[in-house]
Amino acid sequence: MIERPRNGERAVLVRLGLGAHVDPADLEELTRLALSAGARPVATVTGRRERPDSRFFVGSGKADEVRTVAEAHDADVILIDHALSPSQERNLEQHIGRRVLDRNELILDIFAQRARSFEGKLEVELAQLQHLATRLVRGWTHLERQKGGIGLRGPGETQLETDRRLLGERVRVLTRRLARIKQQRETGRRARAEIPVPTVALVGYTNAGKSTLFRALSGADAYIADQLFATLDPTVRRIRLPGGTPVVVADTVGFIRELPHELVAAFQSTLTEAREASLLLHVVDASDPRRDAHRAQVNAVLAEIGAEHIPQILVYNKIDRLNALARIERDAESRIAAVWISAAERHGLELLAEATAERLARAARAARVRLPPAAGALRSRLYERGAVRQEVSGEDGSIELAVELPDVELLALARHPGVHVIETQQPRSPCTAAEPYLQSIVSAGAAKLS
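Residues in the sequence shown are numbered from 0 upward in steps of one, following numbering that gives the first Met the number 0.
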């Protein structure tokens, strides 16, 4: 069996261009991933193929080259910047005589190092076990079926079967624990939803500067480092925008190209902060020549988690590297589309705050709601939010308010016990996804009032 050192591995990096030459930016990202995982890159092997080889992925000739390079540099591990099948990974390990990790395993290893919260650690472990389930045969091919003897004859159970059974039991335990944590999170979200405060989530490609921006906006002591996936666990803080509007700002995990499906599936609860936000601040490294490609990759992950319809403001960060000025860009409808800032230098933060307040206000819908007499605390929170435009007291002690709130917050208000939405008007910017449900609430409220 191959010895597998855990720390300080000397790594050979392998990247193929499929149907094209290797993009230097992809190779640079692989190097940063290797460094983030704690490896020491000692050599790089590149090549070009029209399609992957079914046996080695890289082809037999390139596999020989990787083995020669690994021997020359006394490498401990081979990092392949592609997703390998279990058989391809096993064949390469046997051919090269060294441990082989594909891109998915490399990213999973980084996540395992960076997770800090109990929930984050459980999610990473679950993702690793789900990935390992397809590769158990790789680690146990040296073991034969248990041999029989007097009183022990029969098929018995292979070590592989034992491991699969134990792994399946651990996956079920982790799934149950995460389900309980998810239920606790949902309870907290429902409690927050009773207070109509919009949530703004920071999303973006890893190392785009989200945590730096989060610290600049909220003053929170967020961990910042010039490395991929510096922070994994979401952090939430409450701030006030110009005009006194309170919002909740959430910093989320960074995205990356070809993010392993296991991680997207396992981190659903973490990514809920983005999926249930009122507005997304899509942070982009303005100095990165591949910023447009990174934008597209982030949007692809957002679509995968069901957050593609949430309004966005593009935040072009790190303009200090371009010697550019902070500014706001608008689209053809005069709606704010992008803000150029430098979070590290704190340039343009006031423009971003104003843009966020304006974008949230443009999505507001005018409505008339009736609150029960006992909802004094809710009324106070609506006034604190700055959402009340008019108030009329009823003879029975109820309170009728004219408010302006985004659809997501109006829906949360409508779910509060005893609250009835009497009438709604078109929002100041289209927000049609919730329209049918809002109309059903209005009809139900009118029926109860009559």
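Note that CB positions come from ideal geometry on N, CA and C, so glycine has one too. None of the values given here were measured: they were computed from a predicted structure.
Of the residues R239, G203, E422, L409, the one placed nearest G377, counting alpha carbons only = Sequence inspection shows Leu at residue 377; the Gly mentioned does not correspond to that position. Comparing Cα positions, the closest option is L409.
Which of the three DSSP states, helix, strand or coil, is assigned to G119?
-> helix
Contact set for I95: own chain, Cβ-Cβ below 8 Å, skip 5 residues either direction | A62, V65, R66, A69, I77
Alpha helix (DSSP H) containing H293: first to last residue?
-> 290-303
CB-CB length for I255 against V246, believed under 8 Å | The Cβ separation is near 27 Å, so there is no contact.
How big is the Cα-Cα spacing for T140 and I79?
-> In this prediction, T140 has a pLDDT of 45, which is less than 50 and means its spatial position is unreliable; nothing more can be read from the coordinates.
Would you mind working out which of P405, R388, A374 sits nearest E357, comparing C-alpha positions?
-> P405
How many angstroms separate the CA atom of A295 from the CA atom of S84?
-> 26 Å
Given a threshold of 16 other Cβ atoms within 10 Å of its Cβ, counted over all protein chains shown, does Y204 qualify as buried or as exposed?
-> buried
Who pairs with E459 in a beta bridge, going by DSSP?
-> Outside the shown range of the chain (0 to 449) lies residue 459, about which nothing can therefore be said.
Between the segment 361-375 and the segment 388-406, do at least 3 Cβ pairs fall closer than 8 Å?
-> yes
Relative to the alpha-carbon of T251, which residue among L240, K209, I106, V172 has its alpha-carbon at the smallest distance?
-> K209
Span of the alpha helix (DSSP H) around N90 = 85-95
Go ahead and label T161 buried or exposed: buried means 16 or more other beta carbons lie within 10 angstroms of its beta carbon, across all protein chains shown.
-> exposed
Do I312 and L278 come within 8 Å of each other at the CB atom, strictly closer than that value?
-> yes
Just how far apart, CA to CA, sit A71 and R102?
-> 23 Å
Assign F110 to one of two classes, buried (16 or more other C-beta atoms within 10 Å of its C-beta) or exposed (fewer than that).
-> buried
For V170, which residues from the same chain have a beta carbon less than 8 Å from its beta carbon, with the 5 sequence-adjacent residues on both sides left out?
-> L125, L128, Q129, A132
Are the beta-carbon atoms belonging to L350 and V338 less than 8 Å from one another?
-> yes
So the beta strand (DSSP E) I421 belongs to, where does it begin and stop?
-> 419-423
Excluding sequence positions up to five away, which residues of its chain have a Cβ less than 7 Å from the Cβ of V297?
-> V202, G203, Y204, F254, H281
Taking C-beta to C-beta, are E168 and R134 nearer than 8 Å?
-> no
For Q182, which beta-bridge partners are listed by DSSP?
-> For Q182, which the question treats as bridged, DSSP gives no partner whatsoever.
For my contact list, L359 and P197 are in at a C-beta cut-off of 8 Å; report their separation, rounded to the angstrom.
-> 5 Å
Do T244 and G37 have their C-beta atoms within less than 8 Å of each other?
-> no
Would you decide whether L165 is buried or exposed? Buried here means 16 or more other CB atoms lie within 10 Å of its CB.
-> exposed
Quick one: does the C-beta of L240 sit closer than 7 Å to a heavy atom of the ligand SAH?
-> This structure lacks the ligand SAH; in fact it carries no ligand of any kind.
Does DSSP classify D52 as helix, strand or coil?
-> strand
What is the DSSP secondary structure of R214, reduced to helix, strand or coil?
-> helix
Go ahead and label R345 buried or exposed: buried means 16 or more other beta carbons lie within 10 angstroms of its beta carbon, across all protein chains shown.
-> exposed
Kindly indicate which three-state DSSP category S392 falls into: helix, strand or coil?
-> strand
Could you have a look at N322 and say whether DSSP puts it in helix, strand or coil?
-> coil
Apply the 10 Å Cβ neighbour rule to R98 and answer buried if 16 or more other Cβ atoms are within range, or exposed otherwise.
-> buried
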